[in-house]
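Residue numbers (the working numbering): 1 to 372. C-beta: ideal position from N, C-alpha, C; glycine also.
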Ligand code: NAD
């Protein structure tokens, strides 16, 4: 399949930029999916793709996902993403990231980058030497640092909204929550859940992490193969994608699925199946938007309190999704897409009609976001 055919097959992207610098060995692709709501924000992934088509498909898919995530989160951001083709363990250099930073800079704020799989805060620092259009820079430079506590707090809000909707309770006291994954997000989530008095069971393939959480928060532990089928009220996947699939769905005992992991449904039809089983699914990209909210605050001039406060909006966003799902009798995974699409349509339309503050040219976003 030709490159343009591939691009149009994977969405209606506004712009796809191929970045090449022979001297430093840079091969990267930036995909800007939609900027109706604001500049396209999304991380830069460094991955050893098997071939260039695989990299292109990944960046097209991920950038589209960012459009939906930002829109459903209520942020004035569009969706974009970048991929650098290469081995993140052996092929990273200052020159590579600075050359990439120059490409980002050439877009004049239409695309704003951040960390993702295979890239780090140090890499963002190199990019920042060439362009202001980067988030996730170190705190010393006015950055927001690690997004995980904010993501986890948003996940807690998603869990609370789902408990309110499905279990008719305002409190998580005594509510049985099964947490899969005790990494950056899962460990903060367990802390927040323990503070709420939830009855928690955890797992991780890293037994040391399990022990640490059992000791610190007095939670129960189970085997990684058992967690999805734990007898619980709420299942919270915070490790891997595709955990809701043909092999697992019939064995779930939970009443709610709400967690931070990306792409929890193997296929959209698994969202329909959860609905028909009476299990409420709080859509992953609505629930895990706290990290994105955090970097958005970085663009405005960072404040921890404002970022933390913003993550509370995940609660209302989830209630909106549940409401659409009920009114239209559709799965919540589809309702989340409707919420995002509706906002893009309405606000995108307003911006076309009224050239207000939110409709500045991308080149003047420094003023809007207060960044040098
Ligand atoms: P992480 O790598 O820090 O943690 C993942 C944890 O899951 C690790 O402790 C790992 O040992 C464990 N794990 C892996 N396979 C497992 C299995 N089969 N069973 C049980 N545990 C297993 O990652 P993270 O940053 O905490 O992210 C977790 C998920 O949330 C990912 O899907 C990520 O894409 C998503 N997410 C993270 C953020 C963020 O701010 N970090 C934001 C949005 C979405």
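Assuming residue 255 and residue 167 form a contact by the criterion Cβ under 8 Å, report the distance between their Cβ atoms to the nearest whole angstrom. Numbered from 1 along the chain shown, position 255 holds the residue referred to as residue 255. Numbered from 1 along the chain shown, position 167 holds the residue referred to as residue 167. Yes, they are in contact, since the Cβ atoms of residue 255 and residue 167 sit about 7 Å apart, within 8 Å.
Does the Cβ of residue 264 lie closer than 6 Å to at least one heavy atom of the ligand NAD? Translated into positions along the chain shown, residue 264 becomes position 264. Checking every heavy atom of the ligand NAD against the Cβ of residue 264, none is found closer than 6 Å.
Kindly confirm or deny that the stretch 99-108 and the stretch 123-139 touch, where touching means at least three C-beta pairs closer than 8 Å. yes
Which of the three DSSP states, helix, strand or coil, is assigned to residue 374? The requested residue 374 does not occur in the structure, where the chain is confined to residues 1 to 372.
Give every residue of the same chain whose Cβ lies closer than 8 Å to the Cβ of residue 319, excluding the five residues on either side of it in the sequence, and list them in chain order. What you label residue 319 is simply residue 319 of the chain shown in a count that begins at 1. Counting only Cβ-Cβ distances below 8 Å, and skipping sequence neighbours, we find 161, 164, 165.
So what does residue 21 bridge to, in DSSP terms? Here residue 21 refers to the residue found at position 21 of the chain shown. For residue 21, which the question treats as bridged, DSSP gives the partners 26.
Report yes if the C-beta distance between residue 175 and residue 152 is below 7 Å; otherwise report no. By 1-based counting over the chain shown, the position of residue 175 is 175. By 1-based counting over the chain shown, the position of residue 152 is 152. No.
Is residue 58 near the ligand NAD - that is, is its Cβ less than 6 Å away from at least one heavy atom of it? Indexing the chain shown from 1 puts residue 58 at position 58. Incorrect: residue 58 has no Cβ contact closer than 6 Å to the ligand NAD.
How long is the line joining the alpha carbons of residue 26 and residue 106, rounded to whole angstroms? Counting from 1 along the chain shown, the entry for residue 26 is found at position 26. Counting from 1 along the chain shown, the entry for residue 106 is found at position 106. Approximately 16 Å, taken between the alpha carbons.
Using a threshold of 6 Å, is the CB atom of residue 75 nearer than that to any non-hydrogen atom of the ligand NAD? Residue mapping note: residue 75 aligns to position 75 of the chain shown, counting from 1. No, the ligand NAD has no heavy atom inside 6 Å of this Cβ.
Identified DSSP bridge partners for residue 31: In the chain shown, residue 31 corresponds to position 31, counting from 1. 16, 81, per the DSSP bridge assignment.
For residue 349 and residue 75, I'd like the C-alpha separation in whole angstroms. Counting from 1 along the chain shown, the entry for residue 349 is found at position 349. Counting from 1 along the chain shown, the entry for residue 75 is found at position 75. Roughly 16 Å between the two C-alpha positions.
Just the C-alpha distance for residue 364 and residue 276, rounded to the nearest angstrom, thanks. On the chain shown, position 364 is the one that residue 364 refers to. On the chain shown, position 276 is the one that residue 276 refers to. In this prediction, residue 364 scores a pLDDT of 46, lower than 50, which makes its location untrustworthy; the coordinate-derived value is nonetheless stated afterwards. Distance between the alpha carbons of residue 364 and residue 276 is about 49 Å.
How is residue 286 classed by DSSP in three states: helix, strand or coil? Here residue 286 corresponds to residue number 286 of the chain shown, with the count starting at 1. Here residue 286 sits in helix by DSSP.
In angstroms, rounded to a whole number, what distance separates the CA positions of residue 112 and residue 231? Taking the chain shown and counting its residues from 1, the one referred to as residue 112 is at position 112. Taking the chain shown and counting its residues from 1, the one referred to as residue 231 is at position 231. Distance between the alpha carbons of residue 112 and residue 231 is about 43 Å.
In chain order, what residues of the same chain lie with their CB nearer than 7 Å to the CB of residue 306, ignoring the 5 residues before and after it? Position 306 of the chain shown, counting from 1, holds the residue named residue 306. Correct list, in chain order: 297.
Within this structure, are the beta carbons of residue 67 and residue 33 separated by less than 7 Å? Walking along the chain shown from the start, residue 67 turns up at place 67. Walking along the chain shown from the start, residue 33 turns up at place 33. Yes, they are a contact pair.
Roughly how far, in whole angstroms, is the beta-carbon of residue 46 from the beta-carbon of residue 84, given that I think they are within contact range, below 8 Å? For the purposes of this step, residue 46 is taken as residue 46 along the chain shown, with counting starting at 1. For the purposes of this step, residue 84 is taken as residue 84 along the chain shown, with counting starting at 1. Contact flag correct, Cβ pair sits at about 4 Å.
Closer than 6 Å: is that where the CB of residue 204 sits relative to any heavy atom of the ligand NAD? To locate residue 204, count along the chain shown from 1; it is residue 204. Under cutoff, so the answer is yes.
Just to confirm the assignment, what range does the beta strand (DSSP E) spanning residue 234 have? As a working mapping, residue 234 is identified with position 234 in the chain shown. Its beta strand (DSSP E) spans residues 234-237.
For a minimum of 4 consecutive residues, which ranges assigned as the alpha helix (DSSP H) are wholly contained in the stretch 292-340? 304-311, 313-328
Can you tell which of 266, 352, 147 has its C-alpha closest to the C-alpha of residue 120? Locating residue 120 in the chain shown gives position 120, where the first residue counts as 1. That would be 147, whose Cα lies nearest to the Cα of residue 120.
Would the stretch 273-292 and the stretch 330-339 be scored as touching if the rule is three or more Cβ pairs under 8 Å? yes
Under three-state DSSP, which class holds residue 121? By one-based count along the chain shown, residue 121 stands at place 121. Correct three-state label for residue 121: helix.
Three-state secondary structure assigned by DSSP to residue 361: What you label residue 361 is simply residue 361 of the chain shown in a count that begins at 1. Note that residue 361 scores 49 on pLDDT, short of 50, meaning its location in the model is unreliable; the coordinates nonetheless yield the value given after this. Residue state, collapsed to three classes: coil.
Can you round the beta-carbon distance between residue 154 and residue 143 to whole angstroms, since I take them to be within the 8 Å contact cut? Within the chain shown, the letter at position 154 stands for residue 154. Within the chain shown, the letter at position 143 stands for residue 143. Their Cβ separation, rounded to whole angstroms, is 19 Å, which puts residue 154 and residue 143 out of contact at 8 Å.
Return the residue from the list 299, 310, 323, 336 that minimises the CA-CA distance to residue 132. The residue labelled residue 132 in the question sits at position 132 within the chain shown. For the residues 299, 310, 323, 336, the minimum Cα distance to residue 132 belongs to 299.
Straight-line Cα distance separating residue 31 from residue 188: Here residue 188 corresponds to residue number 188 of the chain shown, with the count starting at 1. Here residue 31 corresponds to residue number 31 of the chain shown, with the count starting at 1. Taking the straight line joining both Cα atoms gives about 32 Å.
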